[in-house]
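Colleague: Please see the structure below; I have some questions.
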Amino acid sequence: MTVCGIAGFLDFNGTTERKTLVAMTDSLAHRGPDGAGYDYYSHGKVSIGLGHRRLSIIDLSTQAAQPMRRGDYSIVLNGEIYNYREIKDGLQSSNVGFETDSDTEVILAAFERWGPDCISRLRGMFAVVIYDHRRGIVHFFRDRLGVKPLFIYQWDGLLLFASELKAFHQHPGFEKKIDRSALSLYFRYGFVPEPECIFSNVRKLPPGSYLSLDLSNGEQRATTYWDASALARTTKTIHRPETELLEEIDSRLQTAFDYRMVADVPVGIFLSGGYDSSLVTAMLQKDRTEKLKTFTIGFESERYNEAHHARAVAEYLSTEHTALVCTEQDAQAIVADLPNYYDEPFADSSAIPTFLVSRLAAGSVKVALSSDGGDELFSGYSRNLRFQKIYRQLNNLPAPVAGILAGFAGWNAGRYANDLPRSVWWEKFAKVLRDNSLLSIIDAYPSFTSVNSLEYLMLAYPSEIINPQDKLRDKLRNIEDRFNGLLAYDYQSTLTNDMLVKVDRATMAASIEGREPMLDHELYEYLLSVPSAQKMKNGQLKYLLKKITHRYLPAAIMDRPKQGFGIPIGRWLKTDLRGLVEEHLNEQAIARYGLLHPQRTKETVNRLTNSKRDEPQLWLLLTFQMWCAKWL
């Protein structure tokens, strides 16, 4: 069992050399420092390369090294199959033999038995590539929730695949052409939503899907085997007695958490002291005699310091706790390295503390549990509550009043025509008022939650914007419980494109495996059937999760205002990091890449720099320019 980096190619021109495969694979050495493997094959005129960098977690023997071949099939795997032992037991009962104790061989044996449909039996996080030597077909698989990444580049008879974009830069056939539609999305959200990518001809394989490519004729078939938005749309909610509901959720959480502890190396937990990570720690520690290892970082500024909250939880649970109070200089030193690991533009500044806590944990463990997904599963964002209030208020508005307010909102949209963020906000709010329904709130939701909207700085605006977020809204528009629809939107947008990217790159940069105990597809499916009114009972966010947490931890320790995992990036950009701003956001640097309007961008930077508020847009612009300096 290995979390790692995978890379490779299918070259229909047959010109890619083995040394290129080695270079692509070794560019991901931080994802797998324990070993490397490179297999090079030919199928007719097509050359095939499979590369793997190994981070050993289960079956540490060399027999479990990759690429692995079993009969007609070769595989490279990035990820973990948590239920591999159950699948293996079932196959062994049918007289299927095994040579290793790795989940990699279990996937191959399952593929021999069931073909691509075997993927529906896997419970875990994974990106998998399987080459069928006899049939000449290559299959690319990705886990249901998109925990593990898989990038695919296709152009002019060449297909490249990798866990990170940086591997593509090692291939001479990779064309570094910016996709302007994707760039506009970055300036709107601070990330490029899946399946789009910042480079043309590159896509991220969508979660819950696989792609099969026939080497004899180049034909491709894309298959969705699990669709989170379709499930959200079709699952009927069932109101259950609260006692029964809490028991069932508690049991499902315990199962999901226990699965994430399977390893032959030490496992630790990122503990912030908030409800999500505290519950994970409490449920896993309660039946164990050995002390779990927990890790926290804090900052000197009390506003951003959660270390004392985490310490209180750790002391109550008697974990082996390690805490590090970082100076601002420690955090700022990370900034220049971010483009090395976030090799697609990415503007979530909490990547900095995530990287720091990953590096702290790497001194003691090879696996660390994060606790993302609790807000999306159990309704933990204040905006969820705010939208609930908006819905109720709009339903009570007489149509004439709503019409007048819509007119006022539309007037404001025009009034702020030169201030795109405000203009878009008012335009969406006008639509909400005109339609007087939650359907339009689902339409407006991303605009209410986005704070960026800097597309107007682009030198050449795309003629067409392909926005996966719009397609996602369309899928969720007719959902029965529309507040569950908002949670499903968050789950498949911010969580997938922001939180999971942040944790994967940060943990892998520190050469440790990040696991997500909350992100279990069976838990997700069950919680879709829970009405949102029970998740936000009496206006209390995370009501059910808090009730369960209080079974294991006293409310006196837990009850306090929600605190994000953040840093004072806005202040730093105007003080200690001002030099980086001046280096990368001066007029000459802006003009260098031909992507941003120099004068307009300069005016925006001056406005943001001189603002009294912390402006996230300034960080978004800086990270983009730093990314350009590294990768263009």
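For what it's worth, my numbering labels the leading residue of the sequence shown as 47, then goes sequentially. Quick reminder that beta carbons are idealized off the backbone N, C-alpha and C, glycines included.
In whole angstroms, what separates the C-alpha of residue 224 from that of residue 242?
Modeller: Position 178 of the sequence shown, counted from the start, is the residue given in the question as residue 224. Position 196 of the sequence shown, counted from the start, is the residue given in the question as residue 242. Approximately 12 Å, taken between the alpha carbons.
Colleague: Checking the sheet assignment: what are the DSSP bridge partners for residue 243?
Modeller: By one-based count along the sequence shown, residue 243 stands at place 197. Answer by DSSP bridge pairing: none, since residue 243 is not bridged.
Colleague: Is it true that the CB of residue 488 sits closer than 9 Å to the CB of residue 528?
Modeller: The residue labelled residue 528 in the question sits at position 482 within the sequence shown. The residue labelled residue 488 in the question sits at position 442 within the sequence shown. Taking 9 Å as the Cβ cut-off, residue 528 and residue 488 qualify as a contacting pair.
Colleague: For residue 334, count the other beta carbons within 10 Å of its own beta carbon; 16 or more makes it buried, fewer makes it exposed. Which is it?
Modeller: Looking up residue 334 in the sequence shown gives position 288. When all chains shown are included, residue 334 counts as exposed.
Colleague: I need the DSSP call for residue 368, collapsed to helix, strand or coil.
Modeller: Working through the sequence shown from its first residue, we reach residue 368 at position 322. The answer is strand: DSSP assigns residue 368 an E or B state.
Colleague: Using the Cα positions of residue 268 and residue 162, report the straight-line distance between them to the nearest angstrom.
Modeller: Within the sequence shown, the letter at position 222 stands for residue 268. Within the sequence shown, the letter at position 116 stands for residue 162. Each residue's Cα considered, the two are about 12 Å apart.
Colleague: Starting from residue 559, follow its DSSP beta bridges and name the residues at the other end.
Modeller: Translated into positions along the sequence shown, residue 559 becomes position 513. Answer is 413, bridged to residue 559.
Colleague: Extract the residue ranges of the alpha helix (DSSP H) inside the segment 140 to 224, only unbroken runs of 4 or more that lie entirely within it.
Modeller: List check, alpha helix (DSSP H) in window: 149 to 160.
Colleague: Around the C-beta of residue 322, are 16 or more other C-beta atoms found within 10 angstroms, so that it is buried, or is it exposed?
Modeller: Locating residue 322 in the sequence shown gives position 276, counting from the first residue. Buried is the call here.
Colleague: Could you name the residues of the same chain whose beta carbon sits closer than 8 Å to that of residue 378, not counting the 5 residues immediately before and after it, in chain order?
Modeller: Numbered from 1 along the sequence shown, position 332 holds the residue referred to as residue 378. Result list for residue 378: 618, 622, 623, in chain order.
Colleague: Of all the options 668, 233, 391, 251, which has the alpha carbon lying nearest to the alpha carbon of residue 192?
Modeller: The residue you call residue 192 lines up with position 146 of the sequence shown. Of 668, 233, 391, 251, the residue nearest in Cα terms is 251.
Colleague: Once DSSP output is grouped into helix, strand and coil, what is the label at residue 585?
Modeller: Here residue 585 corresponds to residue number 539 of the sequence shown, with the count starting at 1. Looking at residue 585 - three-state DSSP - the assignment turns out to be helix.
Colleague: Anyone know if the C-beta pair for residue 89 and residue 261 falls short of 9 Å?
Modeller: Within the sequence shown, the letter at position 43 stands for residue 89. Within the sequence shown, the letter at position 215 stands for residue 261. The answer is yes: Cβ separation under 9 Å.
Colleague: Are there 16 or more other CB atoms within 10 angstroms of the CB of residue 124, so buried, or fewer, so exposed?
Modeller: As a working mapping, residue 124 is identified with position 78 in the sequence shown. So residue 124 ends up on the buried side.
Colleague: Which of the three DSSP states is assigned to residue 535 in this structure?
Modeller: Taking the first residue of the sequence shown as position 1, residue 535 is located at position 489. The answer is helix: DSSP assigns residue 535 an H, G or I state.
Colleague: Starting from residue 235 and walking both ways along the alpha helix (DSSP H), at which residues does that stretch end?
Modeller: Position 189 of the sequence shown, counting from 1, holds the residue named residue 235. 226 to 235 is the extent of the alpha helix (DSSP H) around residue 235.
Colleague: What's the gap between the Cα of residue 666 and the Cα of residue 392?
Modeller: Looking up residue 666 in the sequence shown gives position 620. Looking up residue 392 in the sequence shown gives position 346. Each residue's Cα considered, the two are about 8 Å apart.
Colleague: Can we say the segment 141 to 150 touches the segment 184 to 202, given the rule of at least three CB pairs closer than 8 Å?
Modeller: Output reads no: the segment 184 to 202 does not touch the segment 141 to 150.
Colleague: Taking 9 Å as the cut-off, decide whether the C-beta atoms of residue 95 and residue 135 are in contact.
Modeller: Here residue 95 refers to the residue found at position 49 when the sequence shown is read from its first residue. Here residue 135 refers to the residue found at position 89 when the sequence shown is read from its first residue. Result no, Cβ atoms of residue 95 and residue 135 do not sit closer than 9 Å.
Colleague: Locate the beta strand (DSSP E) running through residue 266, then write down its first and last residues.
Modeller: Here residue 266 corresponds to residue number 220 of the sequence shown, with the count starting at 1. It spans 266 to 270 - the beta strand (DSSP E) in which residue 266 sits, taken as one unbroken run.
Colleague: What's the C-alpha gap between residue 111 and residue 655?
Modeller: Within the sequence shown, residue 111 is the residue found at index 65, counting from 1. Within the sequence shown, residue 655 is the residue found at index 609, counting from 1. Distance between the alpha carbons of residue 111 and residue 655 is about 51 Å.
Colleague: Nearest-angstrom Cα distance between residue 97 and residue 545?
Modeller: Along the sequence shown, read from residue 1 onward, the residue named residue 97 stands at position 51. Along the sequence shown, read from residue 1 onward, the residue named residue 545 stands at position 499. About 27 Å.
Colleague: So, under 8 Å CB-CB, residue 663 and residue 500 are touching, yes? Tell me the CB distance rounded to an integer number of Å.
Modeller: Position 617 of the sequence shown holds residue 663. Position 454 of the sequence shown holds residue 500. With 8 Å as the limit, residue 663 and residue 500 qualify as a contact, their Cβ atoms being about 6 Å apart.
Colleague: Is residue 383 helix, strand or coil by DSSP?
Modeller: Reading the sequence shown from its first residue, position 337 is the one you call residue 383. Three-state result, residue 383: coil.
Colleague: Does residue 319 pass the burial test, meaning 16 or more other C-beta atoms within 10 Å, or should it be called exposed?
Modeller: Start at 1 with the first residue of the sequence shown, and residue 319 comes out as number 273. Buried, by the Cβ-count rule.
Colleague: So residue 282 and residue 571 are in contact, right, with Cβ under 8 Å, and what is the actual spacing, rounded?
Modeller: The residue you call residue 282 lines up with position 236 of the sequence shown. The residue you call residue 571 lines up with position 525 of the sequence shown. Rounded, the Cβ-Cβ distance is 12 Å, inconsistent with contact.
Colleague: In the DSSP assignment, find the beta strand (DSSP E) that holds residue 76 and state where it starts and stops.
Modeller: On the sequence shown, residue 76 is found 30 positions in, with the first residue counted as 1. That residue, residue 76, is in no beta strand (DSSP E); it is neither H nor E in DSSP.
Colleague: When the Cα atoms are used, what is the spatial distance from residue 538 to residue 637?
Modeller: On the sequence shown, position 492 is the one that residue 538 refers to. On the sequence shown, position 591 is the one that residue 637 refers to. Looking at the two C-alpha atoms, the distance is approximately 35 Å.
Colleague: Within a Cβ cutoff of 6 Å, which residues of the same chain sit near residue 412, ignoring the five residues on either side of it in sequence?
Modeller: Reading the sequence shown from its first residue, position 366 is the one you call residue 412. Counting only Cβ-Cβ distances below 6 Å, and skipping sequence neighbours, we find 311, 558.
Colleague: Strictly by DSSP, which residues pair up with residue 326?
Modeller: Counting from one through the sequence shown, the residue named residue 326 turns up at place 280. The partner list for residue 326 (beta bridge, DSSP) is empty, contrary to what the question assumes.
Colleague: Can you tell me which of the three DSSP states residue 578 falls into?
Modeller: Residue numbering aside, residue 578 sits at position 532 when the sequence shown is read from its first letter. Looking at residue 578 - three-state DSSP - the assignment turns out to be helix.
Colleague: Measuring only the C-alpha atoms, how far is residue 164 from residue 367?
Modeller: By 1-based counting over the sequence shown, the position of residue 164 is 118. By 1-based counting over the sequence shown, the position of residue 367 is 321. Rounded to whole angstroms, residue 164 to residue 367 spans 40 Å at the Cα level.
Colleague: For residue 446, is the classification buried or exposed, using 16 other Cβ atoms within 10 angstroms of its Cβ as the cut-off for buried?
Modeller: Along the sequence shown, one-based indexing puts residue 446 at 400. It counts as exposed.
Colleague: So who's on the other strand from residue 114, going by DSSP bridges?
Modeller: For the purposes of this step, residue 114 is taken as residue 68 along the sequence shown, with counting starting at 1. Beta-bridge pairing links residue 114 to 121.
Colleague: For residue 304, tell me which candidate among 598, 630, 564 has the shortest Cα-Cα distance.
Modeller: Counted from its first residue, the sequence shown places residue 304 at position 258. Comparing Cα positions, the closest option is 564.
Colleague: Considering only their Cβ atoms, is the gap separating residue 155 from residue 167 smaller than 9 Å?
Modeller: Taking the first residue of the sequence shown as position 1, residue 167 is located at position 121. Taking the first residue of the sequence shown as position 1, residue 155 is located at position 109. Contact: no.
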